[in-house]
Every structure is written in structure tokens, then in C-alpha cells.
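Chains as they are written, first to last, in my numbering: chain D, 1 to 219; chain F, 1 to 219; chain H, 1 to 239; chain A, 1 to 239. For every residue, glycine included, the Cβ atom is placed at its ideal position computed from N, Cα and C. See structure below.
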Amino acid sequence: MGLSKDQIAQRIAQELSDGWYVNLGIGIPTLVANHIPQGVNVEFQSENGILGMGPFPFEGEEDADLINAGKQTITAMPGASFFSSELSFAMIRGQHVQLTVLGAMEVSDNGDIANWKIPGRMVKGMGGAMDLVASAENIIVAMQHTNRAGESKLLTNCSLPLTGVQCVKKIVTDLAVLEVDPERGFVLLERAPGVTIDEIRSKTAGRLVVEGNIPEMQL
Amino acid sequence: MGLSKDQIAQRIAQELSDGWYVNLGIGIPTLVANHIPQGVNVEFQSENGILGMGPFPFEGEEDADLINAGKQTITAMPGASFFSSELSFAMIRGQHVQLTVLGAMEVSDNGDIANWKIPGRMVKGMGGAMDLVASAENIIVAMQHTNRAGESKLLTNCSLPLTGVQCVKKIVTDLAVLEVDPERGFVLLERAPGVTIDEIRSKTAGRLVVEGNIPEMQL
Amino acid sequence: MSTTKYISKVVPDATAALEGLEDNMTMMFGGFGLCGIPENSISAIREKGTTGITCISNNAGIDDFGLGLLLHTRQIKKMIASYVGENDEFERQMLSGELEVELIPQGTLAERCRAAGAGVPAFYTPAGYGTEVAKGKEMRVFNGKPHILEHAFEAPFAFVKAWKGDKAGNLIFKGTARNFNPMMAMAGKITVAEVEELVEVGQLEPNSIHIPGIFVQRIFQGVDYEKRIEQRTVRAKSE
Amino acid sequence: MSTTKYISKVVPDATAALEGLEDNMTMMFGGFGLCGIPENSISAIREKGTTGITCISNNAGIDDFGLGLLLHTRQIKKMIASYVGENDEFERQMLSGELEVELIPQGTLAERCRAAGAGVPAFYTPAGYGTEVAKGKEMRVFNGKPHILEHAFEAPFAFVKAWKGDKAGNLIFKGTARNFNPMMAMAGKITVAEVEELVEVGQLEPNSIHIPGIFVQRIFQGVDYEKRIEQRTVRAKSE
Numbered sequence: 001m002g003l004s005k006d007q008i009a010q011r012i013a014q015e016l017s018d019g020w021y022v023n024l025g026i027g028i029p030t031l032v033a034n035h036i037p038q039g040v041n042v043e044f045q046s047e048n049g050i051l052g053m054g055p056f057p058f059e060g061e062e063d064a065d066l067i068n069a070g071k072q073t074i075t076a077m078p079g080a081s082f083f084s085s086e087l088s089f090a091m092i093r094g095q096h097v098q099l100t101v102l103g104a105m106e107v108s109d110n111g112d113i114a115n116w117k118i119p120g121r122m123v124k125g126m127g128g129a130m131d132l133v134a135s136a137e138n139i140i141v142a143m144q145h146t147n148r149a150g151e152s153k154l155l156t157n158c159s160l161p162l163t164g165v166q167c168v169k170k171i172v173t174d175l176a177v178l179e180v181d182p183e184r185g186f187v188l189l190e191r192a193p194g195v196t197i198d199e200i201r202s203k204t205a206g207r208l209v210v211e212g213n214i215p216e217m218q219l
Numbered sequence: 001m002g003l004s005k006d007q008i009a010q011r012i013a014q015e016l017s018d019g020w021y022v023n024l025g026i027g028i029p030t031l032v033a034n035h036i037p038q039g040v041n042v043e044f045q046s047e048n049g050i051l052g053m054g055p056f057p058f059e060g061e062e063d064a065d066l067i068n069a070g071k072q073t074i075t076a077m078p079g080a081s082f083f084s085s086e087l088s089f090a091m092i093r094g095q096h097v098q099l100t101v102l103g104a105m106e107v108s109d110n111g112d113i114a115n116w117k118i119p120g121r122m123v124k125g126m127g128g129a130m131d132l133v134a135s136a137e138n139i140i141v142a143m144q145h146t147n148r149a150g151e152s153k154l155l156t157n158c159s160l161p162l163t164g165v166q167c168v169k170k171i172v173t174d175l176a177v178l179e180v181d182p183e184r185g186f187v188l189l190e191r192a193p194g195v196t197i198d199e200i201r202s203k204t205a206g207r208l209v210v211e212g213n214i215p216e217m218q219l
Numbered sequence: 001m002s003t004t005k006y007i008s009k010v011v012p013d014a015t016a017a018l019e020g021l022e023d024n025m026t027m028m029f030g031g032f033g034l035c036g037i038p039e040n041s042i043s044a045i046r047e048k049g050t051t052g053i054t055c056i057s058n059n060a061g062i063d064d065f066g067l068g069l070l071l072h073t074r075q076i077k078k079m080i081a082s083y084v085g086e087n088d089e090f091e092r093q094m095l096s097g098e099l100e101v102e103l104i105p106q107g108t109l110a111e112r113c114r115a116a117g118a119g120v121p122a123f124y125t126p127a128g129y130g131t132e133v134a135k136g137k138e139m140r141v142f143n144g145k146p147h148i149l150e151h152a153f154e155a156p157f158a159f160v161k162a163w164k165g166d167k168a169g170n171l172i173f174k175g176t177a178r179n180f181n182p183m184m185a186m187a188g189k190i191t192v193a194e195v196e197e198l199v200e201v202g203q204l205e206p207n208s209i210h211i212p213g214i215f216v217q218r219i220f221q222g223v224d225y226e227k228r229i230e231q232r233t234v235r236a237k238s239e
Numbered sequence: 001m002s003t004t005k006y007i008s009k010v011v012p013d014a015t016a017a018l019e020g021l022e023d024n025m026t027m028m029f030g031g032f033g034l035c036g037i038p039e040n041s042i043s044a045i046r047e048k049g050t051t052g053i054t055c056i057s058n059n060a061g062i063d064d065f066g067l068g069l070l071l072h073t074r075q076i077k078k079m080i081a082s083y084v085g086e087n088d089e090f091e092r093q094m095l096s097g098e099l100e101v102e103l104i105p106q107g108t109l110a111e112r113c114r115a116a117g118a119g120v121p122a123f124y125t126p127a128g129y130g131t132e133v134a135k136g137k138e139m140r141v142f143n144g145k146p147h148i149l150e151h152a153f154e155a156p157f158a159f160v161k162a163w164k165g166d167k168a169g170n171l172i173f174k175g176t177a178r179n180f181n182p183m184m185a186m187a188g189k190i191t192v193a194e195v196e197e198l199v200e201v202g203q204l205e206p207n208s209i210h211i212p213g214i215f216v217q218r219i220f221q222g223v224d225y226e227k228r229i230e231q232r233t234v235r236a237k238s239e
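What follows is the structure, given as C-alpha cells:
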């Protein structure tokens, strides 16, 4: 079974704290914005130059001059601000953004991440991901536990070119919530409803730490 | 005899080219703004954050939020812009300002300048002068040829702590216009009306190059 | 730095703004995706047929718009960008080796543009440490964290697009169309600004100017803006 | 970085904004001369009696206003500034050795503030090369020109003054009162902004905001601004 993409986003949304500034990557991370817990106010930063990003516009109200980092048309919330890429990455490198959520192709058990290149096959570029992972104090990776071939994406060492080293703090997959302890590996915190520790173990290629009772996620 | 402060400024104003952005230091340089030749449009930059600085305000129209680098109340010309100190010095270090005019206590014959400190006596600080002289491609020094004690301010080596090295391109004093050739020294270009080459020579401690006929300044 | 007369910054159109543009030059292009790109300048460069271009731009346009137009005509020799994922022709030329590509972290790209304009020749950043981006670069630890040394770009020409501009070159951008345009305006030795609305000197609020005219050497009233949307995403009115 | 709630950034006054301020801290103060200085915060720090302050500020105020108030009460241990020429008490304390002073080129001061806020630990600048400012600093030649390495500041507190601000911390400055305030707002671990006019979220134009709220941890409606003019210079109406 495991979580749907939307449920992964929902679980990550539980990590948000009131008052945080948050950068959401393309894909599952974008869905996090749909699940903000009640009473929690966060502002979304998009690295192309907006703070206070709102939902997609109503049909017919799209503005070509108002997009997010995924090039999607968006809206601006009250209190939003626009700025240059230079100031945007000043916010990111300067650690003013409290949480970064992004996808990954691979994560290693010491926190390395690979998500920008498959040599000879996919060469889209790193965009802002390298700046984000090198600077953010709090990085959550949102991804499937395994790739399309069924192979684990949680490895001892990444096989793909790295985006950043020893930076991932937490991972939420369709199967589990894990914390990265660079010394010990992936520390299992929660299981997806109905998913067994054995299944998680069998699909985690890197070091997995299972201590005590592992609760099911509450969604 | 020699020039008055206002005449020094007037002579420097002849160096302006149409379309230049110009930074004027405190003292004689400030007076340059009163002598812009007809048909020449320049914009004045003040390093505290304005481009398009205008004349002093009319009495009663002073604005505490609108000053120049000398902390004097000023006005803004049409087309002016305000900006942060960071962007202001980006303009200066990035060589977007075509001319810097500033005062000096001493200049050496290879273009070093000292104008910010007399050890044990005057410790006002360098303000923006070190950034200006280190970056400007075109620096004119406006000063008296000699100090109050009658000693030359045009030296072989500066005796005071330096503001910048090998940066001064031209000097306009009450007695002369000189170009700095780091290899040869102060090259005499023009004499103030009625001032002899001998007088200039006697009041110039550094190497002085006198070649050919030296015309009088035209004011 | 050229001693451009600010009173004659205004040129009639994009074609006139290209004076001095030659083959094998490095050029910056503002914009993020298709948002805020200098559409008129790109078209004029295509018409002029300038080749061997080294492009510094966050993205490479799409197949039939933006810098994709110059890729299609093989006018671009090298692309320096952070993300090039929307362009099949780009990928084809890159994989076949026809096109040189240098991929750079987006924040480093932005900062290297700013550094160029701000007279900062080099700076340290943590972005890319431990990755192939760091190869051959100086590494240094500050506050216990490794950083790499990055250098300012050099760009004889920069092409930017603004919302409003005045004849002294002052620029105001709109929304997220600001993106890379301000830093590239700062960085260009000759910066060409095309604007949706060119106004007289004095008509822009001095307190609201994003890029002062000192950074702009040529400016013109742009025409026929398509402002194409790359990913049209909407929600239903009922939501 | 603290995880400040943006909905509770508003504090009632300067005194409340000083929570956590302790003796022997480094603090930044915006302003150029007396223009754009955080008057309310300076008064509150004087009242609180915080001592051993290391001040990062372009200037040191005058004898009876601005940071001069904190010099008078000997609350300042060290001054990091670019120009301190308007203050007799300052000069007296410095020459007598009571006050530590570090003079820094103005552009370097500005850039070190920005670097602190922008996560750039160090950068190269030509300013000060060959002078006593360069003593003990790394020198490196770029493009044939010598530069020195300068480091980002660190500041647990920054005090800035804006013209308008909203309750989310977005700031707009006025005229040349902007000066060092934006970079210092970026640099402060806790940035306290006092504003002449505090408005509701949504009342500021998103395109005209100089400093986004992400850089501001506390904000309050300032009171009783004197806005003293240091050098009142005027011309006669007849001119």
C-alpha cells in the first residue's frame, strides 16, 4: 500500500510551525501547500522572486508576470513581496528560510542527496536545489521509497551526481518517516498505515536504525 | 595669486563630459556642481544613496530624509533614484561612476593619495573615500597646492596614512593642473593665470615634469 | 565603462540597440523561464544573425520561444544556465555535442551577475560544495562549513526587460518578471533595456525604482509582447 | 535562525523589542549621519542601560543625538564605523583609549552587512588595498588588480528604521533614509524595525517593498521622531 503523493505532502505539512518561511520544490513538495494545519501560518518563498505565494489563479486571471519556480501561474497573498533572484538567494543562503522541502532521486544514509542529473540521460540542471540544500538548516525530502524499477532510493552512497552533501535531515516517503543521523544512518520514526517494518527494511538499501516501537503515521 | 576654491571647482567642471555620472567629495569638489558647462548633462551620485542629486533646498523646504554624503540637506532632480548603501557602492566599485572628484591632504608623484587620517590628531575615518579611489577609473583631486604651513602637498611619497595607491589621475590646485604619470611624476599641463612655472616648481616637492609650452588655464 | 550620454540612451528599437554586437560575444539575458525575458532583443538578435553566442541566462527558453529561437538557428555556441529542462532542441544539441553547456546553481548564477556589476571579483558560497560544480574550484572552510570560491561574470552585453522605464534608464519591474533582470542590468558593460512603457524623465517615483539609470546604457519602447505562459495552472472558480 | 512567528512580529514599543538584548553584544544600527537612525531603539537601549556594546554603524551620531547618546553614558565599548567626524565626545573617548574603534571603508562596511544577510562568508574588494585597512588581510590579484579579502559581519541584533512597515515585517524606506538600513535588516539575527507608519498586512504594494518581512523579526510603531538635521543647508528663494 503506502501513501499517495498527496498523503506524503499531508504528512510533511505536519512538520510546519507557525511563522515559518518555507520553500517548496517542484512535484510532491508543491502539494504541501494544500495541507497547512489549522492555526499554522506559514509564508511560501519561491526562489524566482516571491514571498507570500498564494494558490493558483482562477481561470482567466492568470498573469504571465506572476509565476513560481516551476513556471506555473500563481497568485500573491496579502503581504506578499517581489524581489530579484539575488535577494531571493540571499534569503536562502542566509538561512532566513526555515524549511526546504524537495524531491530526490537518491538519498544516502549520511544525508547526501542526488536530484539533478542522470549522466548521459537527463540533464535538466540543478536550478536552485544546490543553493537550497547547501544552506537550509532544515531540509525534508519528499519522495517514493523506491524507484520505478523497485530499487531503493535510500542508499549507503548515492550513485548519481550529488546535489549536496550531508544536508538532508528528514525523509518522508510513501512508506515511512525517517530521520538522517549521519553517524548511524536512516532512523525510522514512523510507518505508513499498514506498512510493516520488514517491508521498510527490505526496501531500504542504506543503514536503517529501528529502535523501540515504531508508530503508524497519523494523517 | 592662484585660483580661489570656486575657480578650482570651475576648472574641474571643464573636465566633465555629457552623460557622465559623477561623485563629488566634501569641500571644493562640492562646488563643481555650480559650474557645469552649458550643454553638458551630468548626474551626481552621492554615496549615501541618491543618483540625480539637485541643489540645496529653498529655506523651509529642507527634508531630514534627503541629505548628501556631507549630511547637508539637498533636493532630488527629476529622474533621481534612491537606493541602499550596498547598491550605492556597487555602482562605485563596479565602475559605473565615470568621475570621482575629491580633496586630499597629500598626493604622491605615483598617484598615491592620503586624505583620511593624521595619526594622533585627526581620526574622522575614511568614509567612502577608500572605495572611491580604489575603484574609480577617473579620479581628479581638488586641493590647495600647499598646506597651511606653506609646505607642498605634492610629494614623492605621502607621509600620512594612505587612502589609496596609484589611483590619482589628475590634480587641480590653486596653482596648476597636473596629470599623474606613475613612471615620471607630476606632468604640468596648465598654470593658473599669472602663476609662473618657477613658483609651481618651488611648491612641488615630488617629481615635476615640464615639457614644452605650458598654457594658462582658461576659466 | 563607456561614457554613455544619459540624454541619448533612448534608441528607436531593438535593432538599433544592437550596435556593436558581434559574433562570439558573451551576452546575458534576463528572465526566468519565459517570464520577464527580453522578447524584442532576442528577435532582433535572431534577425541580425549574430553567431557564436555565449549565453548567460537562467533558462534556455522553450523550443519555439525565448532563447529557444536562437538555439534553433544555431546562433548559440555555449549556454551558461541553472536549468534547461523545458527544451528538447537544447537537449538534442547538448547530447550531440553541438552545444557547450555549463550548469551553475541558480543562486551562484545570480550572485555572479551581481558581483560583476558590483565590482566584487570573487566570493565564497556553500552551494555546490561536494558536487561536480566544485571541481577545480578553491575550497575554504568558514565557521566550520566548507565553501567554494566563485568568480564574477563578464558580459559585454546584457539584455533585460522591464515593466516601466524612463529615458534616463531608470527601471521598474513587475511581479516575478523581475528575477534576473536587475543583476544582469548591473553586470552588462552595455546594458540594453526594453520596456513595456517608456516614460519621460521625472515620471517614475524615485523611491520605487528597482534599477537606477546608471546601470542602463540603451533603452527602448518594446513592441508586440507575447508574454507567453509556460505552465498555465488555474483552479476552478468553485474552490 | 530563530523561527519567529510572522503573525506575532509586532511588539508594543522599543522597550519590548529589546527582549534578549544583553551586555557585551554586537549590534547594528541603520542610518547615515542622523538620517534614518532608529531613534526609539537607541533611546530604549539607553534606558535599559545595556553596556559593553559593540556597535556596527556607519557613523557615531553627534554629541547629544543618535549613538552619541550611548557614547555619553559609556554603554559602547567598541565602534565599527566608516566616519566618526561629527562627535567630540567620541574623539575624546577614542584618543584617551576608553573606546575601541575600528574604521572600515564605507562600501566594505555595506558589503559586509549584506554578506552577513546573504550567506556569503567572505568576498574580495579593491577598497583599502595598500592602506592600513589591508593589514593582516589576505591579498589576491584579480584581472591584474590587487584586492583584499573581507568577511561577513555577525550581529545578534540589528536596529533599523523604516518609513512604512506592515505587520508581516515588510519595509519601505524614504529618500536617503534608506542607506544602511536594508543590509542591516538582512544581517541581524534578530532584526528590530521601527517605523513611522505601521500598516496592516496587504496595505503595501508588493512590487515596492524594499525589505521583505522575512528579514524582520520584530516591528513596532515608532513615536516622537525628532529627525534632526545635521547640516541644514538652503538656498535663497531668489536663486
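- Task: Using a Cβ-Cβ cut-off of less than 8 Å, give me the residues of the segment 179-203 of chain A that come near chain H, in sequence order.
- Result: none
- Query: Using a Cβ-Cβ cut-off of 7 Å (strictly less than) and excluding sequence neighbours within five positions of G188 (chain A), which residues of its own chain qualify?
  - Reply: Start at 1 with the first residue of the fourth sequence, and residue 188 (chain A) comes out as number 188. Result list for G188 (chain A): M28, A155, F157, A158, in chain order.
- Query: Residues of chain D with CB under 8 Å from Y129 (chain H), in chain order?
  - Reply: Working through the third sequence from its first residue, we reach residue 129 (chain H) at position 129. Here the neighbours are A134, G164, V165.
- Message: In the DSSP assignment, the beta strand (DSSP E) including Q45 (chain F) goes from what residue to what residue?
- Response: By one-based count along the second sequence, residue 45 (chain F) stands at place 45. Element bounds for Q45 (chain F): 43-46.
- Query: Three-state secondary structure (DSSP) at N40 (chain H)?
  - Reply: As a position in the third sequence, residue 40 (chain H) is number 40, starting the count at 1. The answer is helix: DSSP assigns N40 (chain H) an H, G or I state.
- Taking contact to mean at least 3 C-beta pairs separated by less than 8 Å, is the segment 143-150 of chain F in contact with the segment 169-184 of chain F? yes
- Task: Just grab the DSSP bridge partners of A162 (chain H) for me.
- Result: In the third sequence, residue 162 (chain H) corresponds to position 162, counting from 1. A162 (chain H) pairs with H:V195.
- Message: Can you pull the chain E neighbours of Y225 (chain H), defined as C-beta to C-beta under 9 Å?
- Response: Here chain E cannot be found, since the structure's protein chains are D, F, H and A.
- Rounded C-alpha distance that separates R92 (chain H) from N59 (chain H): Translated into the one-based positions of the third sequence, residue 92 (chain H) becomes position 92. Translated into the one-based positions of the third sequence, residue 59 (chain H) becomes position 59. R92 (chain H) and N59 (chain H): Cα-Cα distance of roughly 16 Å.
- Who are the near neighbours of T26 (chain A) in its chain, counting only those whose CB is closer than 7 Å to its CB and skipping five residues on each side? In the fourth sequence, the residue the question calls residue 26 (chain A) occupies position 26. A distance below 7 Å between beta-carbons, with the five flanking residues on each side excluded, links T26 (chain A) to the following residues of its chain, in chain order: T54, I56, E154, A155, P156.
- Item | Contact set for R201 (chain D): own chain, Cβ-Cβ below 8 Å, skip 5 residues either direction | As a first step, residue 201 (chain D) must be located in the first sequence, where it is residue number 201. Within the same chain, R201 (chain D) has close Cβ partners L208, V210.
- Message: Our contact map puts L204 (chain A) next to N179 (chain A) with C-beta atoms below 8 Å; I'd like the distance itself, whole angstroms only.
- Response: Here residue 204 (chain A) refers to the residue found at position 204 when the fourth sequence is read from its first residue. Here residue 179 (chain A) refers to the residue found at position 179 when the fourth sequence is read from its first residue. 20 Å between Cβ atoms; not a contact.
- Task: Quick one: grab the DSSP three-state call for D109 (chain D).
- Result: For this step, residue 109 (chain D) is matched to residue 109 along the first sequence. In the structure shown, the three-state DSSP call for D109 (chain D) is coil.
- Just confirm the distance between the C-beta atoms of V216 (chain A) and A185 (chain A), as a whole number of angstroms; I'd bet it's less than 8 Å. For the purposes of this step, residue 216 (chain A) is identified with residue 216 of the fourth sequence, where counting begins at 1. For the purposes of this step, residue 185 (chain A) is identified with residue 185 of the fourth sequence, where counting begins at 1. About 6 Å; that satisfies the 8 Å criterion.
- Item | Within-8 Å CB hit, F56 (chain F) to chain A | Start at 1 with the first residue of the second sequence, and residue 56 (chain F) comes out as number 56. Yes - at least one Cβ of chain A is within 8 Å of the one on F56 (chain F).
- Would you mind telling me which residues of chain F sit closer than 9 Å to I62 (chain H), beta carbon to beta carbon, in chain order? Mapped onto the third sequence, residue 62 (chain H) falls at position 62. Near I62 (chain H) there are no residues of chain F at all, since even the closest Cβ is about 33 Å away, more than 9 Å.
- Query: Does the distance from the CB of L109 (chain H) to the CB of S82 (chain H) come in under 8 Å?
  - Reply: Locating residue 109 (chain H) in the third sequence gives position 109, where the first residue counts as 1. Locating residue 82 (chain H) in the third sequence gives position 82, where the first residue counts as 1. Contact annotation: L109 (chain H) and S82 (chain H) have beta-carbon atoms nearer than 8 Å.
- Message: Rounded to whole angstroms, what is the Cα-Cα separation between P78 (chain D) and I42 (chain A)?
- Response: Here the question's residue 78 (chain D) lines up with position 78 in the first sequence. Here the question's residue 42 (chain A) lines up with position 42 in the fourth sequence. Distance between the alpha carbons of P78 (chain D) and I42 (chain A) is about 32 Å.
- Message: Mapping the DSSP letters down to three states, classify V101 (chain D) as helix, strand or coil.
- Response: Working through the first sequence from its first residue, we reach residue 101 (chain D) at position 101. V101 (chain D) falls in the strand class under three-state DSSP.
- Message: Strictly below 7 Å CB to CB, what residues from chain A border F159 (chain H)?
- Response: Position 159 of the third sequence, counting from 1, holds the residue named residue 159 (chain H). None at all; the shortest Cβ gap to chain A is about 22 Å.
- Answer yes or no: does any C-beta atom of chain A fall closer than 8 Å to that of L221 (chain D)? Outside the shown range of chain D, which is 1 to 219, sits residue 221 (chain D), and nothing can be said about it.
- N24 (chain A) at chain D interface by Cβ criterion, 8 Å: To locate residue 24 (chain A), count along the fourth sequence from 1; it is residue 24. So, not an interface residue.
- Message: Tell me whether I42 (chain A), by its Cβ, gets closer than 7 Å to a heavy atom of the ligand ZN.
- Response: The ligand ZN is absent from the structure shown, which contains no ligands of any kind.
- With a threshold of 16 other CB atoms inside 10 Å of the CB of N24 (chain H), please say whether the residue is buried or exposed. If you number the third sequence from 1, residue 24 (chain H) lands on position 24. With fewer than 16 Cβ atoms within 10 Å of its Cβ, N24 (chain H) is classed as exposed.
- Task: Flag this pair as yes or no: are the beta carbons of G6 (chain D) and L31 (chain D) separated by less than 8 Å?
- Result: Stepping through the first sequence from its first residue, residue 6 (chain D) is reached at position 6. Stepping through the first sequence from its first residue, residue 31 (chain D) is reached at position 31. It is Asp, not Gly, that sits at residue 6 (chain D) in the sequence shown. Yes, these two residues count as a Cβ contact at 8 Å.
- Identify the continuous beta strand (DSSP E) that holds F186 (chain F) and give its terminal residues. As a first step, residue 186 (chain F) is located in the second sequence; it is residue number 186 there, counting from the start. Per DSSP, F186 (chain F) belongs to the beta strand (DSSP E) from 185-191.
- Message: I want to verify the contact list: residues of chain A whose CB lies under 8 Å from the CB of F82 (chain D), in sequence order.
- Response: Locating residue 82 (chain D) in the first sequence gives position 82, where the first residue counts as 1. The answer, in chain order, is P206, N207, I209.
- Message: Judging by CA-CA distance, which residue of A:A236, A:K227, A:T233, A:I214 is the nearest neighbour of I62 (chain A)?
- Response: Here the question's residue 62 (chain A) lines up with position 62 in the fourth sequence. Ranking A:A236, A:K227, A:T233, A:I214 by Cα distance to I62 (chain A) puts A:K227 first.
- Query: Can you name the residues that DSSP bridges to Q72 (chain D)?
  - Reply: In the first sequence, residue 72 (chain D) corresponds to position 72, counting from 1. BP columns for Q72 (chain D) point to H:Q231.
- Message: Which residues in chain D have a C-beta closer than 7 Å to the C-beta of D166 (chain A)? List them in chain order.
- Response: Numbered from 1 along the fourth sequence, position 166 holds the residue referred to as residue 166 (chain A). Within chain D, the residues near D166 (chain A) are G79.
- When the Cα atoms are used, what is the spatial distance from E179 (chain D) to N34 (chain D)? The residue you call residue 179 (chain D) lines up with position 179 of the first sequence. The residue you call residue 34 (chain D) lines up with position 34 of the first sequence. Each residue's Cα considered, the two are about 24 Å apart.
- Neighbourhood of E239 (chain H) by C-beta, 6 Å cutoff - its chain only, sequence neighbours within 5 removed: To locate residue 239 (chain H), count along the third sequence from 1; it is residue 239. Confidence is the limiting factor: at E239 (chain H) the pLDDT is only 49, short of 50, which leaves the residue's position unreliable, though a coordinate-based value still follows. Answer for E239 (chain H): no residue qualifies.
- Message: Only counting the same chain, and skipping five residues up and downstream in sequence, which positions put a Cβ closer than 8 Å to that of P29 (chain F)?
- Response: Stepping through the second sequence from its first residue, residue 29 (chain F) is reached at position 29. Here the set comprises A9, I12, V101, L102, G103, A142.
- Could you tell me if P38 (chain A) is buried or exposed, where buried requires 16 or more neighbouring beta carbons within 10 angstroms of its beta carbon? Counting from one through the fourth sequence, the residue named residue 38 (chain A) turns up at place 38. The residue in question, P38 (chain A), is buried, as its Cβ has 16 or more Cβ neighbours within 10 Å.
- Task: Using only alpha-carbon positions, find the residue among F:G19, F:R184, F:K203, F:P182 that is nearest to R191 (chain F).
- Result: Numbered from its first residue, the second sequence carries residue 191 (chain F) at position 191. The candidate whose alpha carbon is nearest that of R191 (chain F) is F:K203.
- Touch test, the segment 112-120 of chain D against the segment 144-154 of chain H, Cβ-Cβ under 8 Å, three pairs minimum: The segment 112-120 of chain D is not in contact with the segment 144-154 of chain H.
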